[in-house]
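Note sheet for the following structure.
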Amino acid sequence: MPSYRIEEIAGIVGGKVEGDGSIEIHGVAGLKEAVSGEITFLANPKYESYLASTNASAVIAASGNGSFDGAVIRNDNPYLAFLKVVRLFSETPLEKYSREVHPTAIIPDNVTLGDEISIGAYVVLEDNVVVGDRTTILPLACINDGVRIGSDCLIYPHVTIREKCEVGDRVIIHSGAVIGSDGFGYAKDGKEHHKIPQIGIVRIEEDVEIGANTTIDRATTGVTLIRRGSKLDNLVQIAHNVVIGENSVVAAQAGISGSTELGKNVVLAGQAGLVGHIKVGDGAMVGAQGGVTKSIPAGTSVSGYPAREHSFARKICAATARLPDLLKEFRNLQNRVDALEKGKGSGPSAEDD
Amino acid sequence: MPSYRIEEIAGIVGGKVEGDGSIEIHGVAGLKEAVSGEITFLANPKYESYLASTNASAVIAASGNGSFDGAVIRNDNPYLAFLKVVRLFSETPLEKYSREVHPTAIIPDNVTLGDEISIGAYVVLEDNVVVGDRTTILPLACINDGVRIGSDCLIYPHVTIREKCEVGDRVIIHSGAVIGSDGFGYAKDGKEHHKIPQIGIVRIEEDVEIGANTTIDRATTGVTLIRRGSKLDNLVQIAHNVVIGENSVVAAQAGISGSTELGKNVVLAGQAGLVGHIKVGDGAMVGAQGGVTKSIPAGTSVSGYPAREHSFARKICAATARLPDLLKEFRNLQNRVDALEKGKGSGPSAEDD
Amino acid sequence: MPSYRIEEIAGIVGGKVEGDGSIEIHGVAGLKEAVSGEITFLANPKYESYLASTNASAVIAASGNGSFDGAVIRNDNPYLAFLKVVRLFSETPLEKYSREVHPTAIIPDNVTLGDEISIGAYVVLEDNVVVGDRTTILPLACINDGVRIGSDCLIYPHVTIREKCEVGDRVIIHSGAVIGSDGFGYAKDGKEHHKIPQIGIVRIEEDVEIGANTTIDRATTGVTLIRRGSKLDNLVQIAHNVVIGENSVVAAQAGISGSTELGKNVVLAGQAGLVGHIKVGDGAMVGAQGGVTKSIPAGTSVSGYPAREHSFARKICAATARLPDLLKEFRNLQNRVDALEKGKGSGPSAEDD
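Chains as they are written, first to last, in this note's numbering: chain A, 1189 to 1541; chain B, 1189 to 1541; chain C, 1189 to 1541.
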């Protein structure tokens, strides 16, 4: 693992050092996650209070934003500076995996391979596969007929990419992910289910990351589409004909049913579930375990089952906690009304009885 | 992808053409999913209204059922006709995968192979495996000791079938599925967990389909049983000693705990979860994310957590949405009763105080 | 499968036989799961009533605890005796898998292999991997750079263990599990997500079992830690920097978000979900599908979404079932109060109208 002094880092990213510039930094992390020996950053002044509790040894912050016990690099675009630091501490696949094709990899003559590729042991490429420049395919991956993979991709062990699917540049696919399995579609004649052929594909655009053991089904016809910049965590289920918009984030174990479309910058928290054939607007968010049963307008946060607008869902949630007491108080109030009614009857007009 | 004119299709399936018989059809899909260039069908007259909104270019319908802007093939068994069309557009494994055994496949002498099988690169078959006629096993699958696989099966890359498990005819198992992993069983002595050996098997009957990265645990003793015609989606969990009845459907990410039994034609929607040791009657349905804590009678639909009869669950759900307002109104009513009580006290019998 | 007569078993584990000592026993199981031909045990007198309904042919019980129609072995430590029987019926990996390295396994010169190991076909070990004595690695597993695996481990087909991760002694990892995939961490600059390098590892201590297709992410920096004796079921998601305490149990499809820490003897039921950065105290339990949004004190049971103390969650749950009726009764009570208010007005001073 590389290590840099604060003053070296300041030289690379630009900025003035406050505090001890000779501290050795071994890594980078967020304000809350950072540990001693790491550098973090403050981009948004509203998180300034976290500086008091972070365990980081150094922070990158704009002039005048926040005071900090450890070393500070003052830079007026702290986020951009931080990303430069991140890259300092990351090994790229080009450095990490040797640029060679393992002799046990199976590569038919009609496969097209780019420059500086790396293909691991027991990788199987089928007919007419295309692999872009500098792409790395790790051991035991299986790339079926006619798949096209872009440049600078990283395909981990045990990935399956089924026939004809398309993968853009700089895509990372983690171990065990299955891209292009058959969509779950049957025609039912009373009791038996007859399989409807799934003859579409999956298209993954550039800069997407797909988590371990995540499954993305091919379209019945047409395309299941993961747009550029989207990030999918582990064990996510994407059904046939789904569209994930640009720069959306889908956390672990979330599931999206057939033909549902997510806009840009959508966030699904862990274990969220969406029914099929709905639309989720740009920038919408679904809370953890949220069960979405209808379309969500852009910019809306929802949670709970069935998912409702988040602040309303929280009110319901708080109200249900008072429900056991409410039932008791209600019985009590009924008794009081009973008494009032009787009292009224036995009151001024008692002779009526 | 093949393509057929409407009049050709009518000739194959039987029926009279209304509208333009020369339209080229490239695929098939359901009424809601179909796009231009595809053919769909209307089997149930109650969906007649969907004809107005479908994007299909042609429809198969019985005489007198529904009017449609595009081409119509009139056939008195539209569903059967549609299935014939589906088959027109599907490549079978026999056509798609060459009937040969890849030289890198590992096949011990005591393995029994049927006729016209296809076995891909780096497939591992262990001792005494039996593979039926015309079955296709794709690259990098692992079939352990003594597994029996029927005829006309399709086993995708990276599938594991653990020792002694049994797979019937015409079964499809998608990539990354694990059949026969150990059931999750421990005996606890205060704090440590001692593994209980899982010495049963998984038996999958004919015409079953198992989704990508789905896991089906072997029985502690005896059999975890998936009966014929059942369809399991991706990332489903089936615990030890579960029984799935005939023609049941389990959607993605649903999970069934140990020894629970599903009847015939049961439907579990996505992310549903069932506790162990319960029975789900024939034709019962569990809604998405439903959490089933006790047995369900035949023909019943349930939803929510804990799962309740569906129409009741919906009433509860609607009622909870009114709960925040109810709390306010309740306080208001309490105040009114307070006032009445005070009013009574200060009324005709004020001298009593 | 081995088989033993009751009197043979009594001789091995110690104890006096009541009933027919000649009955043949083929297996072992819990009181509820056991079938005819199996032996079970009664360790806790409070389960004595189950003896009437168990299908086991024999039971191990302490003197004076329970009467049973079948054979009984009286032993004053019935649990310990039972574990000895369990071992009688279990084949160990040493017996089951031949102690050899398959010629197709890829093993660089710098790999360190213990004694009596077993390595299957098409296993890939990368540089500097260390494998302890008597460990079994089954076909098509991939063990990346610098991974250290202890003694007596059992690694099933299609497992991926990513670079530098550490696995203790007697660990079992089931098919398709992914150990050490990248944590899900990005820095966002308005719209794009920049990957934060995940340079930590996963450390799995001794006697852990990991289910099929479970995913455990490596730490951003530092360690994602699964402490000794913990058992994880299938399709579980463990995010970066999580800590699972000793002897904890995580059931299928549960998910734990980043940096959350579980104490000892924690139990998460199926499909439970935990947010990140919380602590779950020793011996705490989370019910099936429970959604945990904040830390849980030791010894507490929680359930529901958001997860609340279990007995309170049950009260809320029961109360919600009465909510539809409550709404009606509330309207009724409002009407009665309306009438009282009017009645008061139209009462003694009716002449005012």
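The beta carbon of each residue, even a glycine, is placed where N, CA and C say it ideally should be.
Note that the structure is a prediction, hence the values are computed from the model and not measured.
The residues Asp1421, Asn1422, Leu1423 and Gly1458, in chain order, have a CB closer than 6 Å to that of alanine 1440 of chain C in the same chain once the five nearest residues on each side in sequence are set aside. Beyond the five residues adjoining it in sequence on each side, proline 1233 of chain A comes within less than 7 Å, by CB distance, of Asn1253 in the same chain, given in chain order. Neighbours of asparagine 1253 of chain B in chain A, taken as residues whose beta carbon is under 7 Å from its own, are absent, since the nearest beta carbon is some 17 Å off. Counting only runs of 4 or more residues that sit fully inside the region 1474-1527 of chain A, the alpha helix (DSSP H) segments are 1498-1509, in chain order. When DSSP states are grouped into helix, strand and coil, serine 1237 of chain A belongs to the helix group. For the region 1367-1381 of chain A, the residues whose beta carbon sits under 8 Å from a beta carbon of chain B are, in order, Ser1369, Asp1370, Phe1372, Gly1373, Tyr1374, Ala1375, Asp1377, Lys1379, Glu1380 and His1381. Within chain A, the residues Glu1517 and Leu1521 have their CB atoms less than 8 Å from the CB of glutamine 1522 of chain B, given in chain order. Cα atoms of valine 1525 of chain C and leucine 1511 of chain C: separation of roughly 20 Å, rounded to the nearest angstrom. With a contact defined as Cβ atoms closer than 8 Å, proline 1190 of chain B and phenylalanine 1229 of chain B miss out at about 18 Å. Proximity of chain A to leucine 1423 of chain C at the Cβ level (cut-off 9 Å) is accounted for by Asn1401, Leu1423 and Gln1441, in chain order. DSSP places alanine 1249 of chain A outside any alpha helix (DSSP H); the residue lies instead in the beta strand (DSSP E), whose first and last residues are 1246-1249. For the pair of segments examined, the region 1313-1320 of chain A was found not to touch the region 1299-1319 of chain C: the number of CB pairs separated by less than 8 Å stays below three.
Each of C:Thr1409, C:Val1411, C:Val1468 and C:Gly1410 was checked against the Cα of valine 1438 of chain C, and the nearest Cα belongs to C:Val1468. Looking at the DSSP output, glutamine 1425 of chain A sits in a beta bridge with A:Thr1403 and A:Gly1443.
In the structure shown, alanine 1259 of chain A adopts extended strand secondary structure according to DSSP, grouped into three states. Residue environment for arginine 1519 of chain B: exposed (fewer than 16 other C-beta atoms within 10 angstroms of its C-beta).
When rounded, the separation of the alpha-carbon atoms in aspartate 1264 of chain B and threonine 1403 of chain A is 39 Å. The contact set of tyrosine 1310 of chain C on chain B, defined by CB atoms closer than 7 Å, consists of Tyr1310 and Val1312 in chain order. DSSP lists C:Gly1443 and C:Gly1479 as the beta-bridge partner residues of glycine 1461 of chain C. One alpha carbon belongs to valine 1260 of chain B, the other to histidine 1381 of chain A, and they sit about 24 Å apart. Contact annotation, alanine 1495 of chain B with threonine 1508 of chain B: C-beta distance approximately 16 Å; criterion of less than 8 Å not satisfied. Shortest Cα-Cα distance from valine 1289 of chain C to any of C:Ala1309, C:Arg1275 and C:Pro1296 involves C:Ala1309. For lysine 1272 of chain A, no beta strand (DSSP E) encloses it; the enclosing alpha helix (DSSP H) starts and ends at 1266-1276. Only those residues of the region 1208-1234 of chain B whose C-beta falls short of 9 Å from the nearest C-beta of chain A are listed: His1214, Gly1215, Val1216, Ala1217, Gly1218, Lys1220, Glu1221, Ala1222, Val1223, Gly1225, Glu1226, Phe1229 and Ala1231.
Among the CB atoms of chain B, one or more fall inside 9 Å of the CB of glutamate 1529 of chain C. Look at glycine 1364 of chain A: its C-beta is under 9 Å from a C-beta on chain C. For threonine 1508 of chain C, the chain B residues whose Cβ falls inside 7 Å of its Cβ are Ile1504 and Thr1508, in order along the chain.
Neighbours of proline 1512 of chain B across chain A, judged by C-beta separation under 7 Å: Lys1503, Ile1504 and Ala1507.
Contact of proline 1291 of chain B with chain C is not assigned, every C-beta pair being separated by 9 Å or more. Cβ proximity to chain C below 9 Å picks out Tyr1344, Pro1345 and His1346 from the region 1340-1351 of chain A. Across the structure, threonine 1488 of chain C and isoleucine 1384 of chain A are spaced so that their CA atoms are roughly 48 Å apart. Under the Cβ criterion of 9 Å, asparagine 1429 of chain C is counted among the residues facing chain A. For lysine 1383 of chain C, the uninterrupted beta strand (DSSP E) run begins and ends at 1380-1383, by DSSP. For valine 1438 of chain B, there are no C-beta contacts with chain C under 9 Å, since the nearest C-beta of that chain is about 13 Å from it. DSSP lists B:Gly1215 as the beta-bridge partner residues of glutamate 1226 of chain B.
Taking a Cβ-Cβ cut-off of 7 Å, the neighbours of glycine 1458 of chain B in chain A comprise Gly1443, Ser1445 and Gly1461, given in sequence order.
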